[in-house]
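J.:
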Amino acid sequence: MTHVPRWQIVIAAIAVVFAVVYSAPNFLSSTASWLPGNPVRLGLDLQGGSHLLLRVDSDVVLAERLESVLDEIRTRFRAAEIGYTGIGVEQLAGGLTLTDPAQAEQALELAEEADETLDIEVDGGGRLTFRLDADAEKELRISALSQSQEVIRRRIDETGTNEPTIQRQGEDRILVQLPGVDDPERIKRLLGQTAKMNFRMVDETASIPEAIAGRVPPGSELLYEDDGTEQGIPIVVRRRVGVSGDNLVGAAPVIDQNNQPVVTIRFDAAGARRFGDLTTENVGRRFAIVLDGRVISAPVIREPIPGGNGQISGNFTFETASDLALLLRAGALPAPLVILEERTVGPSLGRDSIAAGTLAGQVALLLVIIYMVAVYGLFGIAADIALAVNIALLLGILSALGATLTLPGIAGIALTIGMAVDANVLIFERIREETRRGRSPVSAIDTGYRQALRAIIDANVTTLIAALVLFQMGSGPIRGFAVTLAVGVFTTMFCSLIISRLLVLGWLSRARPKVLNV
Amino acid sequence: MMRLRLIPDDTTLQIIRWRRHAMVGSVAAIVVSAVLFAAIGLNFGIDFRGGILIEVRIPEVPQVTEVRSAFEGAGLGEVAIQEFGEETDFLVRIERQPGGDEAQQAAVETARAHLASTFGDAVEYRRVEFVGPTVSQDLLRGGAIAVLLAVVAMLLYIMFRFEMAFAWGAVGALVHDVLLTIGVFSLTGLEFNVATVAALLLIVGYSMNDTVVVYDRIRENLRKYKKTDLELVLNRSINETLSRTVNTTVTTIMALGALIVLGGPVVQDFSFAMIWGITVGTYSSIFLAAPLLLTFGVRRGTETTGPKAEGERAA
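Protein sequence lines, in the order shown, are assigned to chains A and B.
Here the first sequence is numbered in the working numbering, starting from 1 and rising by one per residue.
Here the second sequence is numbered in the working numbering, starting from 1 and rising by one per residue.
#1: Please check the pair Arg-155 of chain A and Ala-13 of chain A, which I expect to be a contact at CB under 8 angstroms, by giving their CB distance rounded to whole angstroms.
#2: Please state whether the Cβ-Cβ distance between Thr-181 of chain B and Gly-418 of chain A is less than 8 angstroms.
#3: What whole-angstrom Cβ distance do Leu-53 of chain B and Val-246 of chain B have, given they're in contact under 8 angstroms?
#4: Which of helix, strand or coil does DSSP assign to Tyr-224 of chain A?
#5: Extract the residue ranges of the beta strand (DSSP E) inside the stretch 163-228 of chain A, only unbroken runs of 3 or more that lie entirely within it.
#6: Which whole-angstrom value describes the C-beta separation of Thr-194 of chain A and Leu-333 of chain A, a residue pair presumed to lie in contact below a C-beta threshold of 8 angstroms?
#7: Rounded to whole angstroms, how far is the Cβ of Asp-292 of chain A from the Cβ of Lys-196 of chain A, which I believe are closer than 8 angstroms?
#8: Quick check on Glu-109 of chain B: does DSSP put it in helix, strand or coil?
#9: Looking at the unbroken alpha helix (DSSP H) that takes in Thr-280 of chain A, where does it start and where does it end?
#10: State buried or exposed for Lys-514 of chain A, treating a residue as buried only when at least 16 other CB atoms are found within 10 Å of its CB.
#11: Can you tell which of A:Val-89, A:Leu-66, A:Ile-289, A:Thr-99 has the C-alpha that lies nearest to the C-alpha of Glu-81 of chain A?
#12: Quick check: Leu-256 of chain B and Ile-275 of chain B, are their CB atoms within less than 8 angstroms of each other?
#13: Against Val-504 of chain A, what residues of chain B qualify as contacts under a CB-to-CB distance less than 8 angstroms, listed in chain order?
#14: For Thr-229 of chain A and Leu-223 of chain A, what's the separation of their Cα atoms in angstroms?
#15: What residues are listed by DSSP as bridge partners for Ser-244 of chain A?
#16: What residues in the stretch 179-212 of chain B have a beta carbon less than 7 angstroms from any beta carbon of chain A?
#17: Using a Cβ cut-off of 8 angstroms, pull out every chain B residue sitting near Pro-408 of chain A, in sequence order please.
#18: Tell me the start and end of each unbroken alpha helix (DSSP H) in the stretch 34-81 of chain B that is at least 4 residues and wholly inside, in chain order.
#19: Can you name, in chain order, every residue of its own chain whose Cβ lies under 6 angstroms from the Cβ of Ala-578 of chain A, other than the five neighbours on each side?
#20: To the nearest angstrom, report how far apart Val-10 of chain A and Asn-460 of chain A are at their CA atoms.
#21: If you follow the beta strand (DSSP E) that Asn-309 of chain A is in, where does it begin and where does it stop?
#22: Roughly how many angstroms separate the alpha carbons of Glu-310 of chain B and Ala-19 of chain A, rounded to a whole number?
#23: Counting only C-beta atoms, is Asp-121 of chain B closer than 8 angstroms to chain A at any point?
#24: Counting only the same chain and skipping the five closest in sequence on each side, list residues whose C-beta sits under 8 angstroms from that of Leu-470 of chain A.
#25: Would you identify the three-state DSSP class for Tyr-22 of chain A, choosing helix, strand or coil?
#26: Can you name, in chain order, every residue of its own chain whose Cβ lies under 6 angstroms from the Cβ of Ala-403 of chain A, other than the five neighbours on each side?
#27: Hey, could you find the ends of the alpha helix (DSSP H) Asp-138 of chain B is sitting in?
#28: Can you tell me whether Met-1 of chain A is buried or exposed? The criterion is at least 16 other CB atoms within 10 Å of its CB, across all chains shown.
#29: With DSSP run on the structure shown, which of helix, strand or coil describes Asp-89 of chain B?
#30: Taking the alpha-carbon positions, what's the Gln-91 of chain A to Leu-140 of chain B distance?
#31: Is it buried or exposed for Thr-416 of chain A, if we count other Cβ within 10 angstroms and need 16 for buried?
#32: Distance, Cα to Cα, Pro-408 of chain A vs Ala-258 of chain B?
#33: Do Ile-397 of chain A and Val-487 of chain A have their beta-carbon atoms positioned less than 8 angstroms apart in this structure?
#34: Residues in the stretch 436-464 of chain A with C-beta within 7 angstroms of chain B's C-beta atoms, listed in sequence order?
#35: Could you check which residue in A:Ser-297, A:Leu-53, A:Leu-62, A:Gln-106 has the C-alpha nearest to that of Arg-78 of chain A?
#36: If you draw a straight line from the C-alpha of Arg-161 of chain B to the C-alpha of Ala-15 of chain A, how long is it?
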């Protein structure tokens, strides 16, 4: 055991070189481009940034789908002369009651034809309930999730944020991480709108007071037009969509001849044709530009607009016009997003945390180094050198792995400094004991390293178990901590068992002490 | 050369003889912790309760009362203001808003608007966090499961490496440490959050680490001194490892001490939890884990030499 195999020396040397080279960028103030590694990546809590956890409210998509299924069923029932009442969608189920329960069988057949993905129940009273079957529901939700992710990415990319992370989590969540963003209000505002836009005709025959009283003509609905106030101006708009926002291919904010910010839009070929037809047929009438159920403006069509270029005027500032243009370019979200969690750290707190964490780490290191020498003398020095290599190796591996260092991660390094010497403490205490029992230095050191090994492995496995559990439960910063801890376990074992042992054995073969002073 | 020896070489403390006192003390401490937890409960942070936390830096150094008055009439329910680190820095905690996840988001905007109207543009937002009810429930459940999972994983590992009595003894010590940490958090009203759960998991790991070292020595001595009384073997093992136990605890607490003093206010509670947990963890591995083996009964002599006991230490 006192013989050192050559491969151990080689591995130790490689490890030390790796540790020095890969951890060096973390200690140099400027990036030294000739070094292969980069400094360890900092988490949002250290470099500043915003973490948003969003939920895609895909119930909305299911409800929309059921609405369109009901429309289809309506048409079929009308053709087959089946009467019904109480049609509507509630709690993710469509329903209607047949006027004549005897028609139930025929109705069921027609409904099944209308959409194959439906689960339909009929009760004795002629009440039909439609639900989407589990597969169809799952498919809709997944596609809503992936579409949302795509639209979120486009919207955030348009704002010029550097290296955003946009990940799906679970069945209905999307995690957005925005490094360097310390005021996410604009992004939250942009993500807070589904931005479904369409162009519809204003129902000019309807009476506004009647509509407010609840008597809206069939085929129309009461909306409010933006005028800068909370409520807006009531206006009755036809439900039928003239041209949909899906047909837009471009949008940009400009200042018009009246010095007002407006948004210019461009349609694709199909949209241009429809928009041309709509404006040709309705010269002199008003059409409404509807965004998320609110009318932006409702101008009068003065002349046909062919060619597919249009302009949206409204109650805009240049900023709101830019945001609207951005939303239109990036496309509509399939469903609204709800922010479940936000954690934003400003750059000043991040800097303070790094400074405080680094100082605490250095002081911890110094205290432990002094203590080890005070308690174990020369052996303490070997443990201290192993500790220094350990920290460098830990930083080097974290940098090379591209792992993220978080504030809890820095705490993890400080903790590793405290616990890293444990293995050497175990070994040295054992050597001490064996020496007291009268063993020769060589034999005591040999026995010490060998006997302590079992306890060291057991002890480190327990820490590793804690780290794995932490990684499983954790998000963001806690995960970073778990990774730091787990990597720390391996570097610690390596440094205490190989590096410190090589140093001790090297000293032993050179000094050939008669008595050990542990 | 002078050496620092916290534990003299020939220490033989009669730890096993004190075991009844230790047990009574520990059981009493566990009962007190349970009572504190039931009576006061934990001061959950926003991670587990939901709500809003805003750390602001206001350069003109206002009083806490001035900051508090900024939120008058905001209709945000309970708003707690606390100086945090520097005298320009304040931590604003706003209770979870009634309503769903959307309500929290709206309240953040209200809070920012009120701060801006009182202190103008000079307000710097160092940290804005809000956790809605959905996520806070997930986190609380996740945290509880994680601690349980860690304890069970440790139990299984000890069962695998040692025999059953050791596993029960180790877990007894472990549960003791976790409960006492929960008790001290109830007592002090320190914030209990995701970082605290992380600290609990580490305490579990550390306490186990300490216990395993003592157990390893007990196992070794049981084999060496087959005829010696179990109490003496236990006592001897504890004393032999005492120096190591104390030295490792000292270095770890040194590192944590540096963190608590210099690491900044964000990691302070975490460091406190760790220092407390490591202290009780060290106590429990000396005074509980080994004596518990007497309670659970270790198989001795010829019949102990099962495959597990003999196989692995041929070294």
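Every residue, glycine too, gets a C-beta built ideally from N, C-alpha and C.
T.: Once the coordinates are examined:
#1: On the first sequence, residue 155 of chain A is found 155 positions in, with the first residue counted as 1. On the first sequence, residue 13 of chain A is found 13 positions in, with the first residue counted as 1. Actually they are not in contact, since the Cβ atoms of Arg-155 of chain A and Ala-13 of chain A sit about 51 angstroms apart, beyond 8 angstroms.
#2: In the second sequence, the residue the question calls residue 181 of chain B occupies position 181. In the first sequence, the residue the question calls residue 418 of chain A occupies position 418. Against a cut-off of 8 angstroms, the Cβ pair of Gly-418 of chain A and Thr-181 of chain B comes out as no contact.
#3: As a working mapping, residue 53 of chain B is identified with position 53 in the second sequence. As a working mapping, residue 246 of chain B is identified with position 246 in the second sequence. Between Val-246 of chain B and Leu-53 of chain B the Cβ distance is about 39 angstroms, and since that is not below 8 angstroms, they are no contact.
#4: Position 224 of the first sequence holds residue 224 of chain A. Tyr-224 of chain A falls in the strand class under three-state DSSP.
#5: 165-169, 173-179, 197-201, 220-225
#6: Along the first sequence, one-based indexing puts residue 194 of chain A at 194. Along the first sequence, one-based indexing puts residue 333 of chain A at 333. Yes, they are in contact, since the Cβ atoms of Thr-194 of chain A and Leu-333 of chain A sit about 4 angstroms apart, within 8 angstroms.
#7: Looking up residue 292 of chain A in the first sequence gives position 292. Looking up residue 196 of chain A in the first sequence gives position 196. Going by Cβ atoms, the distance from Asp-292 of chain A to Lys-196 of chain A rounds to 6 angstroms, so yes, they are a contact pair.
#8: For the purposes of this step, residue 109 of chain B is taken as the residue at position 109 of the second sequence. Correct three-state label for Glu-109 of chain B: helix.
#9: In the first sequence, residue 280 of chain A corresponds to position 280, counting from 1. Unbroken alpha helix (DSSP H) run through Thr-280 of chain A: 269-281.
#10: Here residue 514 of chain A refers to the residue found at position 514 of the first sequence. Flag for Lys-514 of chain A reads exposed.
#11: On the first sequence, residue 81 of chain A is found 81 positions in, with the first residue counted as 1. Nearest option by C-alpha distance: A:Thr-99.
#12: On the second sequence, residue 256 of chain B is found 256 positions in, with the first residue counted as 1. On the second sequence, residue 275 of chain B is found 275 positions in, with the first residue counted as 1. For Leu-256 of chain B and Ile-275 of chain B, yes; Cβs fall inside 8 angstroms.
#13: Counting from one through the first sequence, the residue named residue 504 of chain A turns up at place 504. Those do not exist, as Val-504 of chain A stays about 17 angstroms from chain B at its closest Cβ, beyond 8 angstroms.
#14: The count along the first sequence starts at 1 and reaches residue 229 of chain A at position 229. The count along the first sequence starts at 1 and reaches residue 223 of chain A at position 223. Going from the Cα of Thr-229 of chain A to the Cα of Leu-223 of chain A covers about 14 angstroms.
#15: One-based indexing of the first sequence puts residue 244 of chain A at position 244. Partner(s): A:Asn-198.
#16: Val-194, Ala-195, Ala-198, Leu-201, Leu-202, Val-204, Gly-205, Met-208, Asn-209, Val-212
#17: Locating residue 408 of chain A in the first sequence gives position 408, where the first residue counts as 1. Near Pro-408 of chain A (Cβ distances below 8 angstroms), the residues of chain B are Ala-195, Ala-198, Val-267, Phe-270.
#18: 46-49, 64-70
#19: Nothing in the structure corresponds to residue 578 of chain A, since chain A is present only between 1 and 518.
#20: Counted from its first residue, the first sequence places residue 10 of chain A at position 10. Counted from its first residue, the first sequence places residue 460 of chain A at position 460. Each residue's Cα considered, the two are about 25 angstroms apart.
#21: Walking along the first sequence from the start, residue 309 of chain A turns up at place 309. From DSSP, the beta strand (DSSP E) with Asn-309 of chain A extends over 309-312.
#22: Residue 310 of chain B sits at position 310 when you count from the first residue of the second sequence. Residue 19 of chain A sits at position 19 when you count from the first residue of the first sequence. Note that Glu-310 of chain B scores a pLDDT of 40, beneath 50, so its modelled location is shaky; the value from the coordinates is reported in the next line. The alpha-carbon atoms of Glu-310 of chain B and Ala-19 of chain A are separated by roughly 40 angstroms.
#23: Counting from 1 along the second sequence, the entry for residue 121 of chain B is found at position 121. No, Asp-121 of chain B does not count as interfacial toward chain A.
#24: Position 470 of the first sequence, counted from the start, is the residue given in the question as residue 470 of chain A. Cβ within range, chain order: Ile-478, Arg-479, Phe-481, Ala-482, Leu-485.
#25: Taking the first sequence and counting its residues from 1, the one referred to as residue 22 of chain A is at position 22. It is helical.
#26: As a first step, residue 403 of chain A must be located in the first sequence, where it is residue number 403. Taken in chain order, the residues that qualify are Val-483.
#27: Numbered from its first residue, the second sequence carries residue 138 of chain B at position 138. Counting along the chain, the alpha helix (DSSP H) containing Asp-138 of chain B begins and ends at 133-161.
#28: By one-based count along the first sequence, residue 1 of chain A stands at place 1. Annotation note: pLDDT 48 at Met-1 of chain A (below 50); position unreliable, no value reported.
#29: Residue 89 of chain B sits at position 89 when you count from the first residue of the second sequence. Three-state result, Asp-89 of chain B: strand.
#30: As a position in the first sequence, residue 91 of chain A is number 91, starting the count at 1. As a position in the second sequence, residue 140 of chain B is number 140, starting the count at 1. Cα to Cα, Gln-91 of chain A sits roughly 28 angstroms from Leu-140 of chain B.
#31: As a position in the first sequence, residue 416 of chain A is number 416, starting the count at 1. Its Cβ being crowded by 16 or more others within 10 Å, Thr-416 of chain A is buried.
#32: The count along the first sequence starts at 1 and reaches residue 408 of chain A at position 408. The count along the second sequence starts at 1 and reaches residue 258 of chain B at position 258. Taking the straight line from one Cα to the other gives about 14 angstroms.
#33: Residue 487 of chain A sits at position 487 when you count from the first residue of the first sequence. Residue 397 of chain A sits at position 397 when you count from the first residue of the first sequence. Yes.
#34: Arg-436, Arg-450, Arg-454, Ala-455, Asp-458, Ala-459, Val-461, Thr-462, Thr-463
#35: Position 78 of the first sequence holds residue 78 of chain A. Per the Cα distances, A:Gln-106.
#36: In the second sequence, residue 161 of chain B corresponds to position 161, counting from 1. In the first sequence, residue 15 of chain A corresponds to position 15, counting from 1. Spanning the two alpha carbons is a distance of roughly 31 angstroms.
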